[in-house]
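**Q** Each residue of the sequence shown is one higher than the one before, counting from 1 in the UniProt record's numbering. After the structure tokens below, expect a handful of questions from me.
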Amino acid sequence: MIETIFIARHGFRLNWITTVWESPTGMPRDPPLTAFGVAQARELADYFLSLEEDQRPTLIFSSPYYRCLQTSKPSAQVLGLPIYVEHGLSEWYSPVVAGTGLHPRPASASTLKEYFSEIDPDGWSSIYYPTRKGEDVDQLQDRAHSVLSNLISEVESGFPNHKRVLLVSHAATVIALARDLAGDPQLPLRVGCCTLTEFSRKKADLKWEAKKLAEAEFLTGGVQRDWGIEDIQIENGKVVEDSGVPGSENEVDEPVGSVLRDKLSNAMSNL
1 MIETIFIARH
11 GFRLNWITTV
21 WESPTGMPRD
31 PPLTAFGVAQ
41 ARELADYFLS
51 LEEDQRPTLI
61 FSSPYYRCLQ
71 TSKPSAQVLG
81 LPIYVEHGLS
91 EWYSPVVAGT
101 GLHPRPASAS
111 TLKEYFSEID
121 PDGWSSIYYP
131 TRKGEDVDQL
141 QDRAHSVLSN
151 LISEVESGFP
161 NHKRVLLVSH
171 AATVIALARD
181 LAGDPQLPLR
191 VGCCTLTEFS
201 RKKADLKWEA
211 KKLAEAEFLT
221 GGVQRDWGIE
231 DIQIENGKVV
241 EDSGVPGSEN
251 EVDEPVGSVL
261 RDKLSNAMSN
271 L
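And the structure:
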């Protein structure tokens, strides 16, 4: 049974300090970290290494965005672990303006391994794919719930000896994940770059208890670029619409949602 879930946000992004940057993957909206962001990722790794061995993460799941994989890399290296790519941990985008196309979707784990040798594309297949049409806050929260419930189930059945997992994601997704684990959809939380959230499972009722919420005590620069859901929410879970990627108007938005659900549905239809 999983006993501890660590959730980290990616480090400081390059596009926050300059408009002149290139995506290493060639995908729109996929900036790398700054040198400072890379240093933050190393400090996160050093923090995990400072823990007793039986308290460190033994599985790492990362969003497929370059900045999250960069953030995951130092921890994977010092802990001697592979990185498993999970699209369910991807960036949050608000709903697209009609007629402007779709939001981007990162490449597969096998393709991303060209950039990060630590990725194991065979040990894990993504269990969830966010819609490229964007999400309001309620839809983001639904995604977080589906990802967590399915990931916990898959890990406990497929990786039975692993009790501590690390999820590396983005501010909005981190907040949604934390709110789901806390059982509080209104949990007030602002998340800075490379800050760490930690939940442990209470043995009495198997519910999750927050041990850390977006803490930065291990980061030399402290909290940087903190962000909260309130920064984008209009009212009742609604958010401002955003434009899609030009040229993607005719692309197909699939797969979408829980892959495990689709597999179960197909299996049932074959009975």
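Backbone N, C-alpha and C define an ideal beta-carbon position, used for all residues, glycine too. Nothing here was measured: the structure is a model prediction, and the numbers come from that model.
How many Å lie between F36 and A45 at the Cα?
**A** Near 14 Å, if we compare the C-alpha coordinates of A45 and F36.
**Q** Could you tell me which whole beta strand (DSSP E) segments of length 3 or greater appear in the stretch 19–95?
**A** 59–62, 83–85
**Q** Enumerate in chain order the residues of its own chain whose CB-to-CB distance from H10 is below 6 Å, with the five nearest sequence positions on each side excluded.
**A** R67, C68, T71
**Q** What's the call for L89, buried or exposed, on a 16-neighbour Cβ count within 10 Å?
**A** Buried.
**Q** Using alpha carbons as the reference points, say which of P32, I175, Y47 lies closest to P185.
**A** I175
**Q** Would the stretch 233–251 and the stretch 95–110 be scored as touching if the rule is three or more Cβ pairs under 8 Å?
**A** In this structure the stretch 233–251 lies against the stretch 95–110, because at least three pairs of beta carbons, one per stretch, are closer than 8 Å.
**Q** Whole angstroms are fine: how far does the CA of F12 sit from the CA of D120?
**A** 25 Å
**Q** What is the DSSP secondary structure of E230, reduced to helix, strand or coil?
**A** helix
**Q** Per DSSP, I7 forms a beta bridge with which residues?
**A** Checking the DSSP bridge columns, you'll see I7 partnered with L167, T197.
**Q** For E209 versus T195, is the C-beta distance shorter than 8 Å?
**A** no
**Q** Which class does I17 belong to by DSSP, given the choice of helix, strand or coil?
**A** coil
**Q** Could you have a look at A178 and say whether DSSP puts it in helix, strand or coil?
**A** helix
**Q** Can you tell me whether D242 is helix, strand or coil according to DSSP?
**A** The answer is strand: DSSP assigns D242 an E or B state.
**Q** Which one of S50, W124, L187, V137 has the shortest CA to CA distance from N236?
**A** Measuring from the Cα of N236, the nearest candidate turns out to be V137.
**Q** Between which residues of its own chain and E86 is the CB-CB distance below 6 Å, once the five residues before and five after are set aside?
**A** F61, S126
**Q** Locate the alpha helix (DSSP H) running through L151, then write down its first and last residues.
**A** 137–158
**Q** By Cβ distance, which residues of its chain are closer than 8 Å to P47, with the 5 residues on each side in sequence left out?
**A** Sequence inspection shows Tyr at residue 47; the Pro mentioned does not correspond to that position. Here the set comprises L196, F218.
**Q** Buried or exposed, going by whether 16 or more other CB atoms sit within 10 Å of the CB of K207?
**A** It is exposed - the Cβ of K207 has fewer than 16 other Cβ atoms within 10 Å.
**Q** My guess is that P95 and E241 are in contact by the Cβ rule of under 8 Å, so how many angstroms apart are they, rounded?
**A** P95 to E241, Cβ: 5 Å. Contact.
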